[in-house]
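Numbering (the working numbering), first residue to last: 2 to 239.
Here's the structure we're looking at; comments come further down.
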């Protein structure tokens, strides 16, 4: 299997969707000419044009609201926050509108919208750009939240998120964008809401998700060197 970067996996899923489904479009701050805060949308503006790759003003509440309206009208938007910290500005739209429209309409209106959001600290940004709110958002009925820990998960999860008929937040650990991992050439998806046993053992069970899998794997290696059998659960959701 070829090795690709975490950011390349997150790029491949939306690129496939843009190529194959005319209802898909993307919007967010600096995703067009700049190519996204972490270069995930680099080259998209040139390939797909400004009608489908939309740079937005610095107003998360406004462009999430626009995404919800577009989704309710039959499109399939992919919205990007620069960091997940900025989701706070759009909580009313996410929690009161995106999460509830299906229920308030008796199933007549769906919101097939993906929100991509870098999460976590460690990339030389300030405190207001470095928080991790994926577990808050996962408490909201009607919202699915996924958080990949490697390129394989990133591609499989974002493919499934884009195909889902309800809102999905993809929380992307900022420290992982430069990580490499094996991804098969064959098409695959990862079912939303499933965990994976990444290491089998009988003495100790360690559970984490996202960037947290890095220290968990290190701890498991250390424990096994001391003679303990360790099971690791890798959550793909928060």
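Yeah, the Cβ is synthetic: ideal placement off N, Cα and C, and Gly gets one too.
- As DSSP reads the structure, residue 27 sits in a beta bridge with 54 and 79.
- Ranked by Cα distance from residue 11, the options 195, 100, 83 and 152 are led by 152.
- Straight-line measurement puts the Cα of residue 112 at about 31 Å from the Cα of residue 208.
- Under the three-state reduction of DSSP output, residue 66 falls in the helix class.
- Residue 174 has 120 as its beta-bridge partners, per DSSP.
- In terms of Cβ geometry, residue 88 and residue 95 form a close pair [threshold 8 Å].
- Annotated three-state conformation of residue 184 is coil, per DSSP.
- Looking at the DSSP output, residue 100 shares a beta bridge with no other residue.
- Just measuring C-alpha positions, the residue of 214, 78 and 80 sitting nearest residue 148 is 214.
- If you ignore the 5 residues before and after residue 18, its C-beta comes within less than 7 Å of the C-beta of 25 and 163, all in its own chain and listed in chain order.
- Straight-line measurement puts the Cα of residue 47 at about 24 Å from the Cα of residue 60.
- In this structure, the beta-carbon distance from residue 156 to residue 198 does not fall below 8 Å.
- Taken through DSSP and simplified to helix, strand or coil, residue 165 comes out as coil.
- Across the structure, residue 176 and residue 6 are spaced so that their CA atoms are roughly 12 Å apart.
- In this structure, DSSP gives residue 20 a helical state, which the three-state scheme calls helix.
- Contact check for residue 141 against residue 172 fails: the beta carbons are separated by 8 Å or more.
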